[in-house]
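J.: Okay, handing you the structure first.
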Amino acid sequence: MKSVAVVALLLGFLAISHALTCTEAPRLFRMRNIDAGQGQVVATDLHSRAFFLSGQSWYRLGTFAMNQVSVGPAGTWGVDRSGYVYKYIAGNFQRASTSRMRLVDAGGNGQVVGISTSSVASCLPSGSAAAYSGRGNLGFRGLRAAMLDYSCGPYGCWGTNRRQQVLYSSLSPTNCRASWRVIGGSLATITVGTDGSVYGVNRNGHLFQRIGVSRRNPLGSRWNYIRTCTTIKNVTYDLRNLWLQTTSGFLLQCRV
Ligand SMILES: *[C@@H]1O[C@H](CO)[C@@H](O)[C@H](O)[C@H]1NC(C)=O
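Next comes the structure, spelled out in structure tokens:
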């Protein structure tokens with residue numbers, strides 16, 4: 091009852107501040123990571139179970155323990171507790187790589203990017219990612235940048251490092267050639283949607299959107315602070331839906 095009242099209060103505040111129109115999304119208890127792409131929403135919990143959202147419920151995705159999952163143009167990919175990378179094939183995760191990753195991202199133009207367990211930004215070319223059907227081992231290529239978070243969209247990839255700097259790289263999906271630039275701003279985590287939208291959260295739990303991102307201007311022009319009713323831990327975006335993990339453990343779904 092108490093939590094219902096709190097949510098009502100939060101949503102009420104949102105409505106008054108005209109910040110964002112949000113509702114509380116179906117709750118996944120002890121959610122660890124969430125990623126939206128291609129109309130799908132996938133997540134993991136602290137017990138390393140993978141889920142997908144269907145209507146108002148979360149359902150198990152595959153039978154293997156996954157620490158993190160991602161869905162996008164490259165398909166559905168995940169990382170297990172040891173950092174091994176899996177691709178979702180024929181209704182379950184199949185181990186695809188001996189490279190050890192902390193995070194993979196299936197957004198972008200068909201490539202899969204990741205961050206290795208030693209924090210190196212890495213990439214799997216689009217050809218190998220698409221063709222992989224469960225045989226053999228895929229090799230990720232190191233991209234010579236130390237990163238904490240890394241996410242790709244149609245106009246390039248955005249990442250954050252340990253100093254909370256924001257980095258942008260154009261990335262060739264076929265051969266993983268990347269060139270890095272430091273962008274102004276300070277963010278802890280960052281996400282890029284399949285339409286190119288870029289959102290990030292800083293260490294104080296404040297939400298920002300990169301304004302003016304387009305094919306012609308992939309870096310955009312500035313960060314726009316978006317007021318939220320509560321502090322945010324993480325964000326993912328797909329098809330005008332913004333999914334906000336709050337620091338207090340709620341999941342908000344906001345139409346933008
Ligand atoms: C946000 O989620 C991404 C993966 O979905 C992860 O790499 C990153 O560490 C998370 N950030 C925080 C602050 O939890």
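To convert, take the position in the sequence shown, counting from 1, and add 90; that gives this note's numbering.
Where a beta carbon is used, it is the ideal one built from N, C-alpha and C, also for glycine.
1. Using C-beta distances below 8 Å, list every residue in its chain close to R312, excluding the 5 sequence neighbours before and after it, in chain order.
2. CA-CA distance, G274 and F230?
3. Can you give me the C-alpha to C-alpha distance between S172 and S223, rounded to a whole angstrom?
4. Just to be sure I understand the criterion: a residue counts if its Cβ is closer than 6 Å to at least one heavy atom of ligand 1. Which residues meet that?
5. Could you compute how far the alpha carbon of S216 sits from the alpha carbon of R150?
6. Which one of R234, G290, G286, R225 has the shortest CA to CA distance from Q254?
7. Whose C-beta lies closer than 7 Å to the C-beta of Y315 among residues of the same chain, with five residues either side of it excluded?
8. G162 by DSSP, collapsed to three states: which one?
9. Excluding the 5 residues preceding and the 5 following S147 in the sequence, name in chain order all residues of the same chain whose CB lies nearer than 8 Å to its CB.
10. My guess is that G165 and K177 are in contact by the Cβ rule of under 8 Å, so how many angstroms apart are they, rounded?
11. Which class does A221 belong to by DSSP, given the choice of helix, strand or coil?
12. Between R122 and the rest of its own chain, which residues show a CB-CB distance below 6 Å, the 5 nearest in sequence each way excluded?
13. Alpha carbons only, please: which of F340, T337, W333 is nearest the one belonging to D125?
14. On the CB-based measure, 16 or more other CB atoms within 10 Å of its CB, does S206 come out buried or exposed?
15. Work out the CA separation of A140 and V57 for me, nearest whole Å.
16. Pick out whichever of D239, P244, E114, A180 has its Cα sitting closest to the Cα of Q201.
T.: Inspection of the coordinates gives the following:
1. R300, I301, G302
2. Their Cα atoms are separated by approximately 29 Å.
3. 21 Å
4. For ligand 1, the selected residues are N123, D125, Q158, L193, D239, A278, T279, K323, N324.
5. 27 Å
6. G290
7. H296, F298
8. strand
9. P116
10. With a contact defined as Cβ atoms closer than 8 Å, G165 and K177 qualify at about 6 Å.
11. Helix.
12. T134, D135, L136
13. W333
14. buried
15. Past the boundaries of the shown model lies residue 57; the chain is included only from 91 to 346, so the question cannot be answered.
16. P244
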